[in-house]
Ligand code: PMP
């Protein structure tokens with residue numbers, strides 16, 4: 001119901017019809033007015049001789065239109081003397097400046113680009129909706145269900161007080177943040193990073209990635225980009241938006257691992273170097289490398305990085321290193337490929353304040369690399385968003401400065417490790433094996449035993465059926481057991497989707513209470529798994 005009150009005039013629209021509009025109206029006006037006006041209003045409608053006319057008029061205004069936001073316009077102090085007058089007034093109602101007519105003229109618009117009009121709901125929105133509909137414990141999307149630490153929130157609040165922090169930042173980024181990112185990367189990469197030429201600040205890592213693709217791919221040239229599957233779902237559309245063509249090379253579980261019955265390590269997912277090399281053509285421009293990896297949790301070893309680097313070198317390729325989870329490894333060191341010999345020159349490393357500080361909504365990220373690579377990346381960024389938000393850049397700069405001294409990253413890593421272990425224990429108790437992540441905050445659970453027990457006549461909505469077996473598994477899981485995850489086939493091209501049909505991705509960046517609530521819900525799953533598999 002929409003109500004706009006202007007002096008003694010109010011505007012009411014209600015999709016449920018005039019009675020509902022009337023009742024809500026009665027609830028909204030002050031009691032004094034309600035008795036002064038509303039009951040007269042009601043009487044006018046119901047008792048006076050031309051009530052049919054009034055009824056028809058109100059109905060037409062209040063609910064007959066398809067978009068439902070059609071106002072009933074009443075002047076509270078107007079003394080209506082007849083329903084005819086009321087009806088006339090209602091019929092001449094205006095929405096904005098447009099008179100309502102019986103039939104709205106057909107609106108003709110240009111067609112949306114097929115790239116976007118053909119796109120269904122993104123997996124996050126879709127699964128969040130499914131989860132919300134059944135009140136599921138949401139372990140799907142990778143956002144934190146707990147607040148950031150106080151010093152981080154305070155840094156953002158303080159930033160807003162300074163007036164200059166509320167105006168445009170330079171496209172490259174606020175000097176304070178550029179400096180802090182340069183300090184952090186100088187230490188990580190073991191070289192002096194120049195904040196004025198080797199860093200750019202972006203609207204999250206996503207926009208940094210889009211900027212690099214935009215800078216190095218050319219429309220009409222079919223430049224190819226190698227993506228390792230499962231590949232974070234933004235890569236494919238971002239490459240396409242920049243005019244590039246994604247080429248997929250899947251990570252495969254090592255021979256001899258029985259992932260359906262036993263836990264395996266994220267390190268058991270390997271890149272076949274021959275397959276990588278075979279995917280490269282004269283049109284290849286970029287290899288995207290994500291370590292620590294979403295959703296597997298794989299932290300690429302030095303040897304693997306060296307082999308990938310050698311391929312890039314042999315074919316003169318750019319490496320885009322998506323290292324947004326660089327701070328989250330469990331018992332294994334994260335190595336930036338840019339630290340390997342001759343790799344700095346061909347690598348843009350992308351990072352995210354959202355991941356680093358548990359503030360995914362702040363939308364601050366960065367790209368770090370040699371000036372020759374950052375210059376075009378920054379030029380693209382300037383045309384995509386011009387600049388990212390100023391106060392939160394300042395907030396991140398302050399948080400980075402403080403985190404060096406307050407032990408935040410160590411504490412955070414321990415907290416994540418506890419959450420990871422708790423979620424793994426929950427699934428161990430149920431009897432579903434998982435891929436033990438060495439990094440990031442996701443757990444891939446092998447739910448083939450659940451898939452095998454989905455009743456053959458289970459009713460799936462069309463929007464799920466058309467997305468394949470893995471979406472059906474995840475939908476079934478959410479509906480029946482009340483805990484939501486994400487179907488990892490969304491991270492695959494059609495050719496390789498089947499590699500992930502049995503898996504569900506759960507995020508463990510959630511509160512202890514959230515994880516315990518999930519554990520409780522999943523008790524019914526234990527029972528379910530004792531039942532027979534479908535034929
Ligand atoms: N890369 C990977 C691998 C991610 O998982 C994410 C976020 N889920 C991003 C990039 C995007 O990071 P940001 O929120 O900073 O845009």
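Residue numbers (this note's numbering): 1 to 535. Glycine included, every Cβ here is placed at the ideal spot set by N, Cα and C. Note that the coordinates shown come from a computational prediction; the quantities given were computed from them, not determined experimentally.
- Looking at the DSSP output, residue 478 shares a beta bridge with no other residue.
- Placement of the Cβ of residue 360 at a distance of less than 6 Å from at least one heavy atom of ligand 1 is found.
- For the pair residue 290 and residue 263, the CB atoms are not nearer than the 7 Å cut-off.
- Going by DSSP, residue 236 is part of the alpha helix (DSSP H) stretching over 235-241.
- With three or more CB-CB distances shorter than 8 Å, the stretch 388-406 counts as touching the stretch 158-165.
- DSSP, reduced to helix, strand and coil, places residue 343 outside both helices and strands of the structure shown, so it counts as coil.
- Between residue 279 and residue 193, the C-beta spacing is not below 7 Å.
- Taking C-beta separations shorter than 8 Å and ignoring five residues to either side along the sequence, the partners of residue 406 in its chain run 151, following chain order.
- Below 8 Å, enough C-beta pairs join the stretch 501-516 and the stretch 416-423 to call them touching: three or more.
- In terms of Cβ geometry, residue 215 and residue 376 form a close pair [threshold 7 Å].
- Between the C-alpha atoms of residue 181 and residue 341 there is a straight-line separation of about 22 Å.
- DSSP, reduced to helix, strand and coil, places residue 122 outside both helices and strands of the structure shown, so it counts as coil.
- Looking at the DSSP output, residue 532 sits in no beta bridge, so it has no partner there.
- Here the alpha carbon of residue 284 sits roughly 44 Å from the alpha carbon of residue 481.
- Taking the C-beta atoms as reference points, residue 453 is found no nearer than 7 Å to residue 502.
- Between residue 313 and the set 346, 304, 324 and 337, the nearest pair of CA atoms involves 346.
- The bridge partners DSSP lists for residue 461 come to none.
- Residue 337 sits buried, since 16 or more C-beta atoms from the chains shown fall within 10 Å of its C-beta.
- At least one heavy atom of ligand 1 lies closer than 6 Å to the C-beta of residue 352.
- Minimum Cα-Cα distance from residue 483 among the listed residues 211, 383, 318 and 133 corresponds to 133.
- Within its own chain, the residues whose Cβ lies closer than 7 Å to the Cβ of residue 302, once the five positions on either side in sequence are excluded, are 335, listed in chain order.
- Ligand 1 has a heavy atom closer than 6 Å to the beta-carbon of residue 205.
- In this structure, residue 388 lies away from residue 212, with their beta-carbon atoms at least 7 Å apart.
- Between residue 363 and residue 204 a beta carbon distance of about 4 Å is seen, short of the 8 Å cut, so the two are scored as contacting.
- By the beta-carbon neighbour count (other beta carbons within 10 angstroms, threshold 16), residue 113 is exposed.
- According to the DSSP secondary-structure assignment, residue 228 is paired through a beta bridge with 249.
- A check of alpha carbon separations from residue 125 across 147, 197, 233 and 228 identifies 233 as the nearest.
- With contacts defined as CB atoms closer than 7 Å, residue 317 and residue 287 qualify as a contacting pair.
- When the five nearest sequence neighbours on each side are left out, no beta carbon in the same chain lies closer than 7 Å to the beta carbon of residue 121.
- Of the residues assessed, residue 219 falls on the exposed side of the cut-off, its CB having fewer than 16 other CB atoms within 10 angstroms.
- By a beta-carbon distance limit of 8 Å, residue 397 contacts residue 174. Their separation comes to about 7 Å.
- Residue environment analysis places residue 365 among the buried positions, since at least 16 neighbouring C-beta atoms fall within 10 angstroms of its C-beta.
- Taking each of 137, 437 and 103 in turn and checking the Cα distance to residue 479, the smallest one comes out for 137.
- Listed in chain order, the non-local C-beta contacts of residue 144 below 6 Å within the same chain comprise 358 and 509, local neighbours out to five positions each way being set aside.
- Within the model, the alpha-carbon separation for residue 208 versus residue 356 is close to 15 Å.
- DSSP lists 366 as the bridge partner or partners of residue 351.
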